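Residue numbering for the sequence shown follows my numbering, beginning at 240 and increasing consecutively. All C-beta atoms, glycine included, are put in the ideal place defined by N, C-alpha and C. These figures come from a predicted structure and were not determined experimentally.
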Amino acid sequence: MNAPTSAEAPLVEVSDLRVHFAGRGGSMFERRPGIVRAVDGVSLTVGRGKTLGLVGESGCGKSTLGRALLRLVPTTSGSIRFDGVDITKLGEGPLRALRPRMQLVFQDAGSALNPRWRVRRLVAEPLEIHRGVAGRELRTRVDRLFETVGLDPALGSRLPRQLSGGQRQRVGIARALALEPDLLICDEPTSALDVSVQAQIIDLLRDLQARLGLSYLFIAHDLGAVRRVSDRVAVMYLGKIVETATRTELFDSPRHPYTQALLAAVPVPDPKRARQGLTTTLEGEMPSPSYPPTGCNFCTRCPVKHRVKTEHRIDCHRVEPELVPMTPAHAIACHLR
């Protein structure tokens with residue numbers, strides 16, 4: 240695995256990325272063609288040896304964005320530069336050569352691992368296919384991978400169903416590490432685990448990053464996990480990024496009303512602290528990505544849109560805000576800045 244370099248350029252640069260899917264609109268009695276705007280004009284960066292946390296409600300496009308970065312889903316427009324190379328323009332051959340440097344850690348390792356294969360074979364497969372490793376060297380490298388993720392190599396003879404949830408997730412991480420990647424897309428890697436095991440996996444990911452210089456895009460609902468593992472955080476709503484900031488700035492001084500609502504929804508064990516914290520709440524559900532609102536995509540649920548119209552004379556239903564830097568490290572997409 241490659242250690243982080245001193246280069247200033249980030250490992251991943253995403254510019255105005257759009258991922259749209261053909262769909263059907265209306266009710267079951269209507270068959271009007273529609274477009275699902277899963278990712279709709281996203282720009283972000285992932286630094287070398289750093290972690291970008293990506294948060295938002297279910298259906299906002301987080302997982303689609305992660306898969307788009309790996310070219311597992313087709314992109315509609317925009318660019319994805321990986322180590323300076325625009326991978327949206329690569330053909331099958333060059334992309335295959337680049338894929339070992341970008342790997343995915345799945346949410347549910349139990350579903351991601353072939354239930355009929357011994358876990359040793361699951362971890363060995365990438366080495367056999369991409370590196371042509373075999374025999375004693377293959378066994379040695381697989382054993383080393385098991386030890387890297389905190390597993391006893393003797394567990395390699397078991398089937399996935401014979402392992403605990405935490406052990407299966409460690410196998411999934413070992414498999415992702417087999418080809419010595421630079422980037423891991425972690426798609427909610429702890430959400431299917433018990434709380435105590437979640438903490439162990441988070442600690443493992445942090446340790447691997449420190450030792451191996453990995454870069455992470457860490458997708459999660461759990462804001463506590465995001466706070467522990469991330470250097471920067473991007474907040475996504477209905478296919479768009481609405482706020483980006485350093486971890487400290489975002490959790491201590493959230494500016495966008497959607498971010499404030501997400502943080503307000505996190506349970507606080509101390510009632511006194513809970514009463515003193517953020518109180519922003521959301522009403523209704525997130526609109527369909529097939530028919531997003533005009534103007535600001537958050538306007539249908541925003542608790543402060545009337546202030547925007549009164550104080551700034553801007554109709555949020557008509558005018559879309561841009562993602563504007565408030566400080567060098569903190570940007571928001573809201574008219575009420």
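If I'm right that Thr533 touches His556 with Cβ under 8 Å, what's the distance once you round it to whole angstroms? 6 Å
Exposed unless 16 or more other CB atoms sit within 10 angstroms - verdict on Ser297: exposed
Along the beta strand (DSSP E) that carries Val344, what are the first and last residues, could you check? Met341 to Val344
Leaving out five residues before and five after Ala415 in sequence, what residues of the same chain have Cβ atoms less than 8 Å from its Cβ? Gln342, Leu343, Val344 and Leu423
Do the region 272 to 289 and the region 476 to 488 make contact, defined as three or more Cβ pairs closer than 8 Å? yes
Determine the direct distance from the alpha carbon of Ile319 to that of Gln448, and round the result to whole angstroms. 22 Å
Exposed or buried, which one is Tyr530 when buried takes at least 16 other CB atoms within 10 Å? exposed
State the start and end residues of the unbroken beta strand (DSSP E) segment that holds Pro564. Val563 to Thr566
Within the continuous alpha helix (DSSP H) that includes Lys301, where are the two ends? Lys301 to Leu308
Taking the straight line between their C-alpha atoms, what separation do you get for Gly349 and Pro428? 12 Å
Given Leu390, which residues of its chain have a CB within under 8 Å of its CB, disregarding the five upstream and five downstream residues? Gln406, Arg409, Val410 and Ala413
Tell me the DSSP secondary structure of Gly181 in three-state form. Residue 181 is absent from the model: the chain starts at 240 and stops at 576.
Per DSSP, Cys535 forms a beta bridge with which residues? The partner list for Cys535 (beta bridge, DSSP) is empty, contrary to what the question assumes.
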